[in-house]
Amino acid sequence: MTAASTGGDRSARDVVRFYLLDHRTPLGKVIDVGLLALNLVFVGVFVAETYALSPATDALLWELEVAIALVFLVEYVLRLYGARSRVAEFFNGYTMVDLLAILPTLAVLVLPLSAVGVNISFLRVVRVVRVLRFYRFTRDAEFFFGTVTDNTLRAVKLLLTVLVIFFVSAGLFYSAENAANPGVNTFGDAFYYTVVTLSTVGFGDILPVTTAGRWVTVATILAGIIIIPWQASKIVKEWGHKGKVNVTCPECGLAYHDVDASHCKACGHVIYQELDSRE
Numbered sequence: 003m004t005a006a007s008t009g010g011d012r013s014a015r016d017v018v019r020f021y022l023l024d025h026r027t028p029l030g031k032v033i034d035v036g037l038l039a040l041n042l043v044f045v046g047v048f049v050a051e052t053y054a055l056s057p058a059t060d061a062l063l064w065e066l067e068v069a070i071a072l073v074f075l076v077e078y079v080l081r082l083y084g085a086r087s088r089v090a091e092f093f094n095g096y097t098m099v100d101l102l103a104i105l106p107t108l109a110v111l112v113l114p115l116s117a118v119g120v121n122i123s124f125l126r127v128v129r130v131v132r133v134l135r136f137y138r139f140t141r142d143a144e145f146f147f148g149t150v151t152d153n154t155l156r157a158v159k160l161l162l163t164v165l166v167i168f169f170v171s172a173g174l175f176y177s178a179e180n181a182a183n184p185g186v187n188t189f190g191d192a193f194y195y196t197v198v199t200l201s202t203v204g205f206g207d208i209l210p211v212t213t214a215g216r217w218v219t220v221a222t223i224l225a226g227i228i229i230i231p232w233q234a235s236k237i238v239k240e241w242g243h244k245g246k247v248n249v250t251c252p253e254c255g256l257a258y259h260d261v262d263a264s265h266c267k268a269c270g271h272v273i274y275q276e277l278d279s280r281e
């Protein structure tokens, strides 16, 4: 769909869906940049709230968090409204992360104060998933309005994966340890511990003192040694297959061949890649 096709021959749902997915038109770019900026501020508010601030600053941050959460709620509703299949959109991983990112803030607004007080630890834990919203901006080659190559996009995803592991792990560790561990007073302390732990330096100046903190540490290490190499291997594999086509030999199963290949280079079976250029 192009910008011209969003005219009178398109329904309101089509227009909403187009501009939420568009990266090329001026309005689509404004929406993308605006949502990305709000994501950065939303995450920044979460980090800032872990530090000792004046009551006036705390109140200002809370009002800012509520305002951004309401914007994201509108975005969430519009995505469901404009989707071709609302059920599929609801269960989409990106959409579910969008909802989880704003649920804690909305819960504080909607639930009675007593209920919020009982579940405040749970709400703190859920709030760290808001950083996962950044993955929505790297899901296709239109990232940065199509100005980056596929290989650059893969590198960005790897960097984002590392940062997400650090951030989510630090947030979970902070939520688990803050009340019991004198060495974890702010998000910065938890982030420092996470980086030191995943880098296997292990200074030992901060140690988990709760069972939840220990399990977060274990999960962080497992995520680091599994997810990061897996992402990196995908990048190396794609770089190694640059200039080739992903066609699998029916005889031996070898994938990726030269564009002009007529036979499999492993077993010699006929694959006739040149037929693609003759059609």
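With this note's numbering, letter number 251 in the sequence shown gets 253, and the count goes up by one each step, no holes. Where a beta carbon is used, it is the ideal one built from N, C-alpha and C, also for glycine. Model, not experiment: these values are computed from the prediction.
Proximal residues to residue i (C-beta, below 8 angstroms), its chain only, five neighbours per side dropped
| i | result |
| --- | --- |
| V120 | Because the pLDDT at V120 is just 47, under 50, the model does not fix this residue reliably, and the value given afterwards should be weighed accordingly. Excluding positions up to five away in sequence, the list is empty. |
| G204 | V198 |
| T212 | A178, E179, A182 and N183 |
| D191 | Y176, G185 and I208 |
| L108 | A71 and L75 |
Spatial neighbours of residue i in its chain, beta-carbon cut-off 7 angstroms, leaving aside the 5 residues before and after
| i | result |
| --- | --- |
| E91 | R81, L82, A85 and T97 |
| V128 | L102, L105 and P106 |
| R15 | Y83 and G84 |
| R132 | F44, V45, F48 and A103 |
| T163 | I229, I230 and Q233 |
Residue interval of the alpha helix (DSSP H) (run including residue i)
| i | result |
| --- | --- |
| K31 | P28 to A50 |
| G190 | F189 to L200 |
| P106 | G95 to V112 |
| R132 | Per DSSP, R132 belongs to no alpha helix (DSSP H) and is neither H nor E. |
| N15 | Here residue 15 is Arg; the residue named in the question, Asn, does not match the sequence. From DSSP, the alpha helix (DSSP H) with R15 extends over A14 to L23. |
| Y83 | P57 to G84 |
| R88 | R88 to F92 |
Cutoff 6 angstroms; reference residue i; Cβ partners in own chain excluding five residues on either side
| i | result |
| --- | --- |
| R19 | G84 |
| L134 | V99 |
| T250 | A257 |
Beta bridge counterpart(s) of residue i as assigned by DSSP
| i | result |
| --- | --- |
| H265 | V272 |
Whole-angstrom C-beta distance between residue j and residue i, which should lie under 8 angstroms
| i | j | result |
| --- | --- | --- |
| G226 | I167 | 6 angstroms |
| I223 | L200 | 7 angstroms |
| I33 | L22 | 7 angstroms |
### Query
Given 8 angstroms as the limit, is there contact between the segment 35-55 and the segment 70-78, that is, 3 or more CB pairs closer than that?
yes
### the segment 173-192 touching the segment 44-53, judged by at least three CB pairs closer than 8 angstroms
yes
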